[in-house]
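If you use the numbering used here, the sequence shown corresponds to residues 5 to 435, in order.
Cβ coordinates follow ideal geometry from the N, Cα and C atoms, glycine included.
Predicted, not measured: the structure shown is a model, and the values here were computed from it.
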Amino acid sequence: MSLKPEDLQSYIDSPEKQQRLYKRTLWIVVISQIFGGAGLAAGVTVGALLAQDMLGSESLAGIPSALLTLGSAVAALLVGRLSQRFGRRLGLANGFLAGGIGAIGVVIAAVANSIVLLFASLILYGAGTATNLQARYAGTDLAKPKQRATAVSIAMVSTTFGAVAGPNLVEVMGRFAVSIGVPALAGPFILGAAAFILAGLVFWVLLRPDPFIVSKAIAEAQQVDQSSPSYLNENQLASNNRGIIVGATVMILTQIVMVAIMTMTPVHMKHHGHGLSEVGIVIGFHIGAMYLPSLLTGVLVDKIGRSTMAYASGVILLAASLTAAFAPADSMPLLITALVLLGLGWNFGLISGTALIVDATQPATRAKTQGTVDVLIALAGASGGALSGMVVANASYATLSLAGGALSLLLVPVLIWSHRKSKHHIEISQN
């Protein structure tokens with residue numbers, strides 16, 4: 005059901021109605037992200053184990069992660085394009101529903117012992133993971149500039165609830181699966197299917213009116229009212245392109261550093277005699293640091309600025325890298341500290357980078373641009389994970405950590421370049 009022109013005009017004319025819709029959209033995003041987080045975590049927890057069990061080989065157990073990444077990259081592009089053309093409701097609902105169908109396919113593949121169906125279904129399942137990340141943008145469509153980072157942070161905190169619940173239900177879902185004649189390792193994908201489909205239905209049923217369609221109409225109305233000189237428009241365009249480059253760079257670099265060090269930390273720990281329970285503790289602290297500080301991070305990004313928090317992200321990631329590189333392998337407190345700092349630095353980078361992207365895009369191209377940036381983030385994570393194993397195999401975990409620290413420092417020249425360009429365009433516009 006599309007908005008009638010008179011209804012759309014009522015939102016254009018009323019800032020109060022816009023803010024009410026903004027707050028309602030946030031609640032819808034919160035509900036969907038709780039389900040989406042459960043769907044994401046439940047399947048990812050056992051994906052490699054299921055593949056290993058079906059293939060009978062450890063050497064191919066990393067394939068699910070690669071397929072999920074491939075699926076999420078393609079889905080991020082498609083969800084962005086769908087959202088741009090038809091609104092968030094259609095784009096996000098279809099993305100989550102595709103992820104749910106993929107999860108069902110994984111369960112059927114496990115029952116039929118079909119490797120081909122498993123791999124195809126994992127690619128489709130990746131659509132749910134991509135949509136879970138894309139949903140953070142929905143809350144920003146009608147947010148005022150000083151509300152955008154906070155809106156992103158609310159979505160991320162909501163994901164945490166589902167992401168924590170998902171792995172804790174793995175054993176329960178395994179027993180349920182066995183009781184209905186399904187392999188135990190496919191059980192979490194039953195939960196994943198239900199969670200992704202519910203997240204999609206939340207958007208499909210409740211996201212009316214669509215905040216993105218309303219924001220586009222508002223922007224078009226404002227454009228008609230404005231009569232700014234062409235050179236100012238050119239300066240604004242250059243500023244927007246720069247904001248997209250900087251925001252994307254911040255998120256890509258933080259994703260590479262975080263995924264690379266996180267991926268190899270369990271391997272590093274196992275090589276030095278740590279058990280699975282200790283690995284679980286370290287990774288648990290890491291995931292908590294990735295998401296739980298989000299509300300405070302969002303407020304800080306809105307209050308003290310995107311660039312300041314992006315600088316802070318680089319500094320914290322550098323501290324994490326140095327701690328990981330020089331921490332004695334038998335020191336749990338230092339390993340936990342390193343991984344907590346790693347999660348926090350990623351959190352700062354993702355929220356500040358997302359806010360930069362929203363600030364720099366206009367509704368006419370915003371969703372499409374956001375989808376393209378998320379493709380790059382997915383590919384950056386895949387690259388970080390793949391290269392990390394090669395670095396550790398040929399050098400050491402300390403070398404990998406130091407390389408991560410060097411990458412995090414690249415944020416500084418990128419942000420300095422952005423500030424200098426901004427000053428240059430301000431001077432031109434004033435002359």
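Under three-state DSSP, which class holds residue i?
| i | result |
| --- | --- |
| V186 | coil |
| T253 | helix |
| A316 | helix |
| A223 | helix |
| K148 | coil |
| S232 | Unreliable positioning characterises S232 in this predicted model, as indicated by a pLDDT of 44, which lies under 50. The coordinate reading is nonetheless provided below. Note: S232 maps to coil in three-state DSSP. |
| T327 | helix |
| D17 | helix |
| A333 | coil |
| D214 | coil |
| P367 | coil |
| K8 | coil |
| H423 | helix |
| G279 | coil |
| G41 | helix |
| G60 | coil |
| L86 | helix |
| L72 | helix |
| L173 | coil |
Pull up the distance between the alpha-carbon of residue i and that of residue j, whole angstroms please.
| i | j | result |
| --- | --- | --- |
| S234 | W31 | Note that S234 scores 44 on pLDDT, short of 50, meaning its location in the model is unreliable; the coordinates nonetheless yield the value given after this. Those two C-alpha atoms are separated by around 40 Å. |
| A244 | R370 | Contrary to the premise, residue 244 reads as Asn rather than Ala in this sequence. One C-alpha to the other measures close to 11 Å. |
| V271 | D378 | 28 Å |
| I119 | L59 | 8 Å |
| L12 | A221 | 7 Å |
| S232 | A225 | At S232 the pLDDT is 44, less than 50, meaning the model places this residue with poor confidence; the figure from the coordinates comes in the next sentence. Spanning the two alpha carbons is a distance of roughly 15 Å. |
| V186 | Q22 | 48 Å |
| Y141 | G91 | 12 Å |
| L211 | P337 | 45 Å |
| A223 | V182 | 54 Å |
| L236 | L414 | Reliability of the predicted coordinates at L236 is poor, the pLDDT of 42 falling under 50, and no value is obtained from them. |
| L346 | T135 | 24 Å |
| G251 | A359 | 8 Å |
| W421 | S392 | 29 Å |
| F193 | Q138 | 21 Å |
| L326 | P297 | 22 Å |
| G284 | M294 | 15 Å |
| L72 | I105 | 14 Å |
| T373 | L383 | 16 Å |
| Q151 | G309 | 12 Å |
Pull up the CB-CB distance for residue i and residue j, whole angstroms please, since I reckon it's below 8 Å.
| i | j | result |
| --- | --- | --- |
| G40 | T163 | 7 Å |
| Y129 | G178 | No, Y129 and G178 are not in contact; Cβ-Cβ is about 18 Å, not under 8 Å. |
| V261 | L321 | 5 Å |
| V396 | M273 | That pair is no contact at about 12 Å. |
| A107 | G196 | 4 Å |
| G84 | G375 | 1 Å |
| S356 | F207 | Actually they are not in contact, since the Cβ atoms of S356 and F207 sit about 26 Å apart, beyond 8 Å. |
| A79 | A102 | 7 Å |
| G302 | F200 | Incorrect: roughly 25 Å between the Cβ atoms, too far for contact. |
| G349 | A314 | That pair is no contact at about 10 Å. |
| G109 | A124 | 7 Å |
| D145 | S219 | 4 Å |
Need the endpoints of the alpha helix (DSSP H) that residue i sits in, please.
| i | result |
| --- | --- |
| T135 | 119-138 |
| P192 | 191-210 |
| K372 | 370-398 |
| D363 | 336-364 |
| G95 | 92-116 |
| S412 | 401-413 |
| G302 | 298-308 |
Taking residue i as the reference, give the member of the options with the closest Cα.
| i | options | result |
| --- | --- | --- |
| G385 | L326, I256, P187, P332 | I256 |
| L468 | F216, G357, T358, A70 | In the structure as shown, the chain starts at 5 and stops at 435, and residue 468 therefore has no counterpart that could be examined. |
| M266 | F180, D11, G318, V344 | V344 |
| G389 | V263, T29, G170 | V263 |
| L317 | S412, K307, A153 | Note that residue 317 corresponds to Ser in the displayed sequence, not to Leu. Of the candidates S412, K307, A153, the one whose C-alpha sits nearest the C-alpha of S317 is S412. |
| P149 | D363, L380, S422, A124 | D363 |
| V286 | A329, L339, G277 | L339 |
| P367 | Q88, S14, D17 | Q88 |
| V209 | V33, G166, P332 | V33 |
| L419 | N351, T135, A159, T253 | T253 |
| N98 | L202, T365, D17 | L202 |
| S335 | A116, I16, H276 | H276 |
| A155 | L72, G288, R28 | R28 |
| Q227 | T73, I16, P68, W350 | I16 |
| L126 | N117, A113, A159 | A113 |
| L4 | D214, E282, R246, S281 | The displayed coordinates of the chain run from 5 to 435. Any statement about residue 4 would go beyond what the structure contains. |
| V111 | E10, A188, H423 | A188 |
| T341 | I291, G191, G279 | I291 |
| T403 | R424, N351, F330 | F330 |
Using a C-beta cutoff of 8 Å, does residue i count as contacting chain D?
| i | result |
| --- | --- |
| H272 | The question asks about chain D, but that chain is absent: this structure has only one protein chain. |
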